[in-house]
Amino acid sequence: MTEQTIELPDEASTVAFGEHLARQAQMIGGVVIFLHGDLGMGKTTFCRGVLHGFGHTGAVKSPTYTLVEPYETARGRVYHFDLYRLSDPEELEYLGIRDYFDEDSLSLIEWPERGEGILPKADLEISIETAGAGRRLSWQYNTEKGRELADKLIKV
C-alpha cells in the first residue's frame, strides 16, 4: 500500500482535487474515506469540493454539532461526518451509524479516530497538512475499492 501525495497551492486547488475525487468515486460506489489533519487544515474545504463534484450547489458547512450532514444529489448520496466533538465512540451507535454505510453512498469522515472501534474500515485515508501557503494531501488505501480509487486519483 503505497502512499501517494499531491501539493495543492491554494484553496481553489483543494476544492478542485475534491471534485476530481468525486468524479472517480462515483464510478466505484460505496466508498468510506477518512480525513485526517489538524484544525484549519482544509478538511471541510476538501469535502466542499467532493460535494460540488457530486453536483451539490448549496453551502457546505462542517457538521461539528450535528455529527453528520446528509446530501442527496443527482449523482449519489454523500454523508459528511465531523466527529470532532464526539466524546465517546458509543454515541455513534445511538446515531444509527451503521445505516449510513451502504453500496450506494460516499462517506467522508473528519476526525475518524474519535469513532475508533465503531466505524467501518476506511477504503481510503487522506491526510492534509500545510505545505508553504498551500496544502499537501497524501492518501493510502486499505481495501480493493480504496486501491481502485487511489489509482484513479494520481491521474489528475
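In terms of our numbering, the sequence shown has 48 at position 48, counting the first letter as 1, and numbering is strictly consecutive. For each residue, glycine too, the CB sits at the ideal point set by N, CA and C. Since we're looking at a predicted model, the values are computed, not measured.
Candidates the options, of which the one nearest residue i by Cα
i, options, result
"His36", "Ile6, Glu103, Ser127", "Ser127"
"Gln140", "Gly115, Leu8, Leu124, Thr66", "Leu124"
"Tyr65", "Gly58, Asp10, His80", "His80"
"Thr45", "Leu108, Glu93, Gly117, Met27", "Leu108"
"Gly40", "Gly55, Tyr84, Val68, Arg23", "Tyr84"
"Gly76", "Glu93, Met27, Arg98", "Met27"
"Asp38", "Asp82, Asp99, Pro89, Glu93", "Asp82"
"Asn142", "Leu153, Ala122, Ile154, Asp10", "Ala122"
"Ile154", "Leu21, Pro120, Ala12", "Leu21"
"Asp10", "Glu144, Lys145, Arg136, Leu119", "Arg136"
"Leu119", "His56, Arg98, Thr130", "Arg98"
Where residue i sits in the DSSP three-state scheme
i, result
"Glu3", "coil"
"Leu39", "coil"
Beta-carbon gap between residue i and residue j smaller than 8 Å
i, j, result
"Gly134", "Glu19", "no"
"Gln24", "Ser138", "no"
"Asp104", "Gly30", "yes"
"Leu51", "Tyr71", "yes"
"Phe101", "Thr73", "no"
"Gly132", "Pro89", "no"
"Glu148", "Lys43", "no"
"Val68", "Leu106", "no"
Whole-angstrom C-beta distance between residue j and residue i, which should lie under 8 Å
i, j, result
"Cys47", "Val32", "The pair is not a contact, with the Cβ atoms about 14 Å apart (cut-off 8 Å)."
"Leu86", "Arg114", "4 Å"
"Gly49", "Thr14", "6 Å"
"Pro112", "Phe34", "4 Å"
Min CB distance residue i to chain D below 8 Å
i, result
"Ala131", "The question asks about chain D, but that chain is absent: this structure has only one protein chain."
Sequence ranges, alpha helix (DSSP H) only - wholly within the segment 54–142, length at least 4: Whole alpha helix (DSSP H) segments, 4+ residues: 91–94.
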